[in-house]
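A.B. asks: Under mature numbering (1 follows the signal peptide of the UniProt record, and there is no 0), residues -16 to -1, 1 to 292 are what the sequence shown spells out, in order.
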Amino acid sequence: MKWLLVYIFCCLNVQAALFNKIDNSKLLGHLKLLASDEFAGRAPQTNGSLLSQQYIISQLTEIGISPLNNNFQQKFFYRHISETKQGTNIIGTHLGRPNKSGNWIILSAHYDHKGKGKFGIYNGADDNASGTSALLSIAASIKERDVPANFVFLFTDAEEQGLKGSKAFVESNPALIKETLININIDMVAGTINTNKLFMLAKGLNKVLSQQEIDALYRVDDLMGQRVYTRFRNTLTGENTAIKWLKASDHSSFNKKKIPVLFFCNGIHKNYHTTNDTFENINPSFFLKNTNIILEHILYLAKVFNKT
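1. Determine the burial state of Phe183: buried for a count of at least 16 other Cβ atoms within 10 Å of its Cβ, exposed for fewer.
2. What did DSSP end up calling Lys69 once you bin it into helix, strand or coil?
3. By the 10 Å Cβ neighbour count, where 16 or more other Cβ atoms means buried, how is Pro244 classified, buried or exposed?
4. Count the C-beta pairs between the stretch 273 to 291 and the stretch 128 to 141 that are closer than 8 Å, then say yes if the count reaches three, no if not.
5. Would you mind working out which of Asn83, Asp110, Asn157 and Ala232 sits nearest Asn255, comparing C-alpha positions?
6. What span of residues does the alpha helix (DSSP H) with Asn274 cover, start to end?
7. Let me know if Ala(-1) comes out buried or exposed under the rule of 16 or more other beta-carbons within 10 Å of its beta-carbon.
8. Name the DSSP beta bridge partners of Tyr106, please?
9. Please state whether DSSP places Lys231 in a helix, a strand or coil.
10. Taking C-beta to C-beta, are Ala124 and Ile75 nearer than 9 Å?
11. Using the C-alpha atoms, what's the distance from Asp261 back to Leu(-5)?
12. What is the DSSP secondary structure of Leu(-13), reduced to helix, strand or coil?
13. Is His97 closer than 9 Å to Arg203 when the C-beta atoms are compared?
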């Protein structure tokens, strides 16, 4: 019995250490601000979008993340319905292996949402202020620990208009894309009060990982003490939607370039694309755990890639 208690105590200490790599107050603070009425749903080419850009850049600057090509902002044009519009991606980098050119791990999350409509403000707390906030906190953790890997932190615009930001990024950075090992995309990870499942979708991992390394990646959540589901289901209908989810967010743009992808998401819920997707309706503890779990997957991959 004594040895069992020691084992349980050690396991709890390991889990506590793993769950303390993210500043929880800052994580929730990011989300509360980005999903506030002041940011008005963060639709492209609105004041809310501009406020989002300024906030993301200020946070990246504060933690010491460098801009890509000396400029955090990537402007691009795209067609939406019958109009030409402009979007703005925000891009930062961390060179943890400056003597090893390329070998990029691209972490992405879209910061845009639907803005205002006839029913009011679509705050987009889960979609995707949650992913944006998670990525900001993950970037801070990576920088603080000086993780020995080369990262791109990509905050995309106009995802809601058809993945326009990620498409613009991959098309305008062919050399960087050629040197990219994997894209890890975060979209909707704060859920609702009743949400309790985080999904992970993977494609093309065998291009950069051995089977043993892939198996170990799928066991990361075991150490965290919280299951990550790998078989995508519509959380409203139970339908198997893995193929749809492969195309559902910015990781699709990387997948089309034959780059391995990991996608983290809590799936569709009743507040999705409604004015009820607010900070007050997310699941804070679920969100905090998810962000730490995603970080652990990233750190595992960074460690594996550091061997090459």
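Note that beta-carbon positions come from the ideal geometry of N, C-alpha and C, so glycine has one too.
C.D. replies: Answer, in terms of the structure:
1. On the sequence shown, position 199 is the one that residue 183 refers to. Under this definition Phe183 is a buried residue.
2. On the sequence shown, position 85 is the one that residue 69 refers to. Correct three-state label for Lys69: strand.
3. On the sequence shown, position 260 is the one that residue 244 refers to. Classification for Pro244: buried.
4. yes
5. Sequence index remark: in the sequence shown, residue 255 carries index 271 (1-based). Of the candidates Asn83, Asp110, Asn157 and Ala232, the one whose C-alpha sits nearest the C-alpha of Asn255 is Asp110.
6. Taking the first residue of the sequence shown as position 1, residue 274 is located at position 290. Note, Asn274: alpha helix (DSSP H), Pro268 to Phe289.
7. Here residue -1 refers to the residue found at position 16 of the sequence shown. Reliability fails at Ala(-1), whose pLDDT of 44 lies under 50, so the model's placement of it is uncertain and the value that follows must be treated cautiously. When all chains shown are included, Ala(-1) counts as exposed.
8. Locating residue 106 in the sequence shown gives position 122, counting from the first residue. Gly99, per the DSSP bridge assignment.
9. Counting from one through the sequence shown, the residue named residue 231 turns up at place 247. Looking at Lys231 - three-state DSSP - the assignment turns out to be coil, as it is neither helix nor strand.
10. By one-based count along the sequence shown, residue 124 stands at place 140. By one-based count along the sequence shown, residue 75 stands at place 91. No.
11. What you label residue -5 is simply residue 12 of the sequence shown in a count that begins at 1. What you label residue 261 is simply residue 277 of the sequence shown in a count that begins at 1. Note on Leu(-5): pLDDT 36, under 50, position unreliable in the model; the coordinate value appears next. Those two C-alpha atoms are separated by around 33 Å.
12. Stepping through the sequence shown from its first residue, residue -13 is reached at position 4. Because the pLDDT of Leu(-13) is 32, which lies under 50, any placement of that residue in the model is unreliable, and the number read from its coordinates should be weighed accordingly. The answer is helix: DSSP assigns Leu(-13) an H, G or I state.
13. If you number the sequence shown from 1, residue 203 lands on position 219. If you number the sequence shown from 1, residue 97 lands on position 113. No, Cβ-Cβ distance for Arg203 and His97 is not below 9 Å.
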